[in-house]
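2 protein chains.
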Amino acid sequence: MANIAIMGFGTVGSGVFDIIRRIPEILKRNANGEEIVVKHILDIRDFSDHENAGLFTKKFEDILNDSSVSVVVEVMGGLHPAYEFTKELLMSGKSVVTSNKELVATYGTELLQLALEKNENYLFEASVGGGIPVIRPIHQCLTANRVLRIAGILNGTTNYILNEMINKGKTFDDALKDAQAKGYAEKNPAADIEGHDACRKIAILASLASRRFVDYNNIVTEGIVDISLSDVKYAEAAGCVIKLIGYAEFAEDDRLYSIVCPMVISKTSPLACVDDVYNAVMVTGDSVGDVMFYGKGAGKLPTASAVVADVIDAVKHSERSKKIAWTDVGYNFMISPDEKKFSYFIRTSATREKIKEVFDIKQIYDIGIDGEIGFITEPVAESEIQKKTEALGSVLSSIRVME
Amino acid sequence: MANIAIMGFGTVGSGVFDIIRRIPEILKRNANGEEIVVKHILDIRDFSDHENAGLFTKKFEDILNDSSVSVVVEVMGGLHPAYEFTKELLMSGKSVVTSNKELVATYGTELLQLALEKNENYLFEASVGGGIPVIRPIHQCLTANRVLRIAGILNGTTNYILNEMINKGKTFDDALKDAQAKGYAEKNPAADIEGHDACRKIAILASLASRRFVDYNNIVTEGIVDISLSDVKYAEAAGCVIKLIGYAEFAEDDRLYSIVCPMVISKTSPLACVDDVYNAVMVTGDSVGDVMFYGKGAGKLPTASAVVADVIDAVKHSERSKKIAWTDVGYNFMISPDEKKFSYFIRTSATREKIKEVFDIKQIYDIGIDGEIGFITEPVAESEIQKKTEALGSVLSSIRVME
């Protein structure tokens with residue numbers, strides 16, 4: 011029998027409780043015979059009417075001081091007091107499982123190191139890609155590869171919005187309103203549509219793959235607020251779609267280029283097939299080539315199922331660290347944005363003659379919108395594209411193209 | 011330091027050797043500091059001119075009796091002597107890693123049980139889906155789900171052939187010849203195009219997910235040899251593609267329905283986007299919904315990278331069983347084909363009137379081929395579709411539609 015506690019009884023926390031009560035036999039089998047028992051649920055709200063009211067507490071110490079509890083689920087969200095609680099729990103010899111991407115991206119280095127020292131586990135599969143197995147596959151299954159690149163659709167809200175624009179011809183504003191009406195986007199959608207959510211997730215994946223702390227503050231982050239329906243239509247004409255991509259590329263010298271931004275992607279890429287609120291992470295290894303992990307990147311039960319899988323793993327690895335960790339190397343290993351070349355999709359009101367004066371291109375896309383045309387450049391550095399678009403005069407949009 | 015041996019120096023075996031020599035530092039880091047060293051390579055052929063000739067042996071006993079060897083890679087293929095060698099190695103307290111789907115599908119129950127008893131590991135990530143992480147994600151990441159269904163594109167050769175028919179309008183025969191010319195299909199392509207390869211793989215995945223031995227001999231297996239270019243075109247008209255699918259569906263009462271056959275799949279399914287020789291496995295869990303794993307299902311380095319990842323896992327779990335196993339329950343838990351209902355795509359030379367007499371359908375597809383039309387039926391049992399197509403008179407083809 012393994013006693014666990016849940017901190018935070020919101021969407022994910024209640025999902026964790028539901029799964030544990032619904033399929034106890036399957037969980038027991040998968041935990042090599044250990045029954046998973048919820049002993050405490052921490053939440054500041056009142057649950058005295060809940061059918062399991064006896065499990066609820068408002069005191070963190072009830073969990074910290076219960077030596078029979080070996081694994082704690084932290085699904086409170088936010089940095090504080092989640093950070094302090096997690097630290098104390100690991101210090102006291104308990105494993106912690108989390109879906110808190112903010113916490114992992116910010117304090118992961120320290121908390122993973124602490125877990126390592128204490129021979130316990132700090133597991134965070136649910137922090138990226140919701141229910142999709144992606145943390146463990148990168149850590150355990152692609153170990154025979156030098157990871158060359160990670161490119162992911164890491165935010166379901168923005169994927170839904172872009173999908174509505176692509177497939178239903180909605181404007182960005184209408185698609186956003188629709189996403190809000192359906193509960194896919196928050197009232198204040200900034201964290202999603204400005205790319206900050208995806209940024210934290212790609213920082214976690216890049217840290218995991220390189221075993222070095224990648225600070226999300228160092229990742230250039232552009233959202234999808236400037237993507238217009240015209241952009242989407244030009245992309246379609248070029249056999250492409252536009253997706254918000256969390257991107258990390260590891261150079262031969264082990265330096266890292268990372269960015270979050272909308273990218274034009276060929277429809278032949280499996281990432282282009284990721285519709286609706288689904289997420290997908292494509293990892294390129296030097297031996298395996300491209301592998302992709304796809305599924306629901308959010309939602310109560312998908313996210314909870316990743317949390318519970320981590321609980322089972324923690325139970326199976328009781329007092330045996332899985333040794334997932336990264337270190338803060340203390341020097342800058344980020345490739346400056348200008349060193350990386352991309353092709354760019356450009357939408358412009360310049361003349362064909364002017365375009366051909368500035369760029370060496372073969373194909374121009376004219377989709378019948380008055381006074382503008384589009385084209386895709388050769389791979390160029392960021393400073394170069396700035397110079398060239400200035401020379402062009404009138405640029406309506408400029409979006410990176412993923413190779 | 012962990013000494014390993016490789017049995018079989020063919021495509022995969024030499025790939026394993028290549029990876030170990032190319033990225034030793036990455037492997038060492040991922041194996042928690044243990045250097046991976048190849049001490050013996052077993053092959054009946056002569057490698058006396060090889061730059062590492064000293065590693066080669068023709069005697070299995072050189073590996074079996076070397077107590078310094080803790081993990082052995084079996085990439086010989088075939089049942090014998092791979093079975094006998096694996097058994098002796100596990101008995102002697104060594105872990106074995108394999109890409110041999112034939113062996114896992116046939117003797118997996120016994121070999122996994124033996125590994126469990128000996129507290130060693132028998133790992134087989136490379137046996138299904140080449141380099142794609144799929145065995146470990148199902149075993150470790152989806153543990154908080156009741157698995158409802160597995161549907162996979164498990165054979166790259168047939169996917170290439172169908173893809174050439176779909177995207178380039180080639181006939182089956184021309185696409186097969188092309189696949190043979192490119193080395194994707196064997197001279198005798200029966201194992202691939204008749205579905206036997208996919209059958210062994212879905213049997214392994216179904217055994218893993220249910221922890222009960224699923225005998226591939228009990229899985230109805232239909233290949234793609236009867237798929238015509240017309241079928242592909244009708245599917246296109248219906249917004250679908252045709253793929254060879256390894257299919258396993260777990261009923262509420264834990265019984266299993268499994269089949270390998272061509273299926274008509276909506277283009278909105280991510281499985282429909284799996285082109286070329288790529289493979290993908292979609293797993294549906296009761297909490298997580300659909301997750302999909304995608305990548306190269308064959309080839310020297312992708313497959314070798316899955317083998318080496320298993321080697322690393324075996325090294326990390328030295329004398330500590332990962333407890334991956336299934337048992338032969340000794341009774342029949344397979345759902346008879348007639349209990350499962352599918353919609354069918356029917357191509358027929360019958361009249362519209364006759365079709366509407368027999369089937370209750372709304373849409374008929376006419377793609378301008380003289381004397382034939384196509385339609386999709388409501389979900390019906392196999393015996394029922396047989397009766398109905400007999401009533402229809404002339405059926406040119408009948409293909410299951412995946413929900």
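Taken in sequence, the protein lines are chains C and F. For the first sequence, our numbering puts the final residue at 413, and the numbers step up evenly by one. For the second sequence, our numbering puts the final residue at 413, and the numbers step up evenly by one. For each residue, glycine too, the CB sits at the ideal point set by N, CA and C. Note that this is a predicted model, so its numbers are computed, not measured.
Give me, in chain order, the residues of the same chain whose beta-carbon lies closer than 7 Å to that of residue i; leave out the 5 immediate sequence neighbours on both sides.
i         : result
Ala290(C) : Gly162, Ile163, Leu281, Val284, Met302, Phe303 and Tyr304
Ala360(C) : Leu402, Gly403 and Ser404
Ser328(C) : Ser80
Asp420(F) : Because chain F in this structure spans residues 11 to 413, residue 420(F) falls outside the shown range and cannot be described.
Val368(C) : Lys398, Ala401 and Leu402
At what residues does the alpha helix (DSSP H) containing residue i begin and finish?
i         : result
Asp241(C) : Leu239 to Ala247
Ala136(C) : Here Ala136(C) belongs to no alpha helix (DSSP H), and DSSP marks it neither H nor E.
Thr21(C)  : Thr21 to Arg32
Thr294(F) : It is not in any alpha helix (DSSP H) - Thr294(F) instead sits in the beta strand (DSSP E) that spans Tyr288 to Gly295.
Pro312(F) : Lys310 to Lys326
Lys364(C) : Arg362 to Val368
Phe70(F)  : Phe70 to Leu74
Within a Cβ cutoff of 6 Å, which residues of the same chain sit near residue i, ignoring the five residues on either side of it in sequence?
i         : result
Thr181(C) : Leu239
Are the C-beta atoms of residue i and some chain C residue less than 9 Å apart?
i         : result
Tyr304(F) : yes
Tyr288(F) : yes
Asp263(F) : no
Ala282(F) : yes
Val318(F) : yes
Leu152(F) : yes
Arg31(F)  : no
Gly23(F)  : no
Ile252(F) : no
Ile36(F)  : yes
Asp338(F) : no
Arg146(F) : yes
Ile285(F) : The identity of residue 285(F) in the sequence shown is Asp, whereas the question assumes Ile. By this cut-off, Asp285(F) is an interface position.
Val301(F) : yes
Ser359(F) : no
Ser315(F) : yes
Asn169(F) : no
Flag residue i as yes if its beta-carbon sits less than 9 Å from any beta-carbon of chain F, otherwise no.
i         : result
Ile160(C) : no
Ser328(C) : no
Gly193(C) : no
Asn155(C) : yes
Ile322(C) : yes
Ser238(C) : no
Lys111(C) : no
Gly166(C) : no
Ala41(C)  : yes
Ser297(C) : yes
Excluding the five sequence neighbours on either side, which residues of its own chain have a C-beta within less than 8 Å of the C-beta of residue i, listed in chain order?
i         : result
Ile374(F) : Arg362, Ile365, Ile383, Gly384 and Phe385
Asp370(F) : Glu388
Ala213(F) : Ala115, Val224, Asp225, Tyr226, Ile229 and Ser268
Leu65(F)  : Val48, Lys49, His50 and Ile51
Leu124(F) : Lys97, Leu100, Met101 and Tyr132
Terminal residues of the continuous beta strand (DSSP E) containing residue i?
i         : result
Ser353(F) : Ser353 to Thr358
Glu84(F)  : Val79 to Glu84
Gly459(C) : No answer is possible for residue 459(C): the residues shown for chain C start at 11 and end at 413.
Met302(F) : Gly299 to Lys306
Arg159(C) : Val157 to Ile163
Val274(F) : Leu266 to Ser276
Ala12(C)  : Ala12 to Met17
List, from N- to C-terminal side, the beta strand (DSSP E) runs of 3 residues or more that fit wholly inside the region 174 to 262 of chain C.
250 to 260
Could you tell me which uninterrupted beta strand (DSSP E) segments, each at least 3 residues in length, are contained entirely in the region 385 to 412 of chain F, listed from first to last along the chain?
405 to 411
What residues in the region 128 to 143 of chain F have a beta carbon less than 9 Å from any beta carbon of chain D?
In the structure shown, chain D cannot be found, because the protein chains are C and F.
Tell me, please, whether the region 389 to 399 of chain C touches the region 12 to 19 of chain F by the rule of three or more beta-carbon pairs shorter than 8 Å.
no
The region 212 to 228 of chain C touching the region 376 to 386 of chain C, judged by at least three CB pairs closer than 8 Å:
no
What residue ranges within the region 99 to 136 of chain F form continuous beta strand (DSSP E) runs of no fewer than 3 residues, ordered along the chain?
105 to 108
Validate contact between the region 341 to 352 of chain C and the region 262 to 278 of chain C using beta carbons, cut 8 Å, 3 pairs
yes
Runs of beta strand (DSSP E) wholly within the region 37 to 66 of chain C (minimum 3 residues, chain order):
46 to 52
Check whether the region 179 to 198 of chain F and the region 103 to 123 of chain F touch, using three or more Cβ-Cβ pairs below 8 Å as the test.
no
Tell me, please, whether the region 318 to 327 of chain F touches the region 37 to 47 of chain F by the rule of three or more beta-carbon pairs shorter than 8 Å.
yes
At a cut of 8 Å, does the region 17 to 25 of chain F reach the region 47 to 62 of chain F through at least three beta carbon pairs?
yes
Between the region 123 to 132 of chain C and the region 330 to 342 of chain C, do three or more beta carbon pairs fall short of 8 Å?
yes
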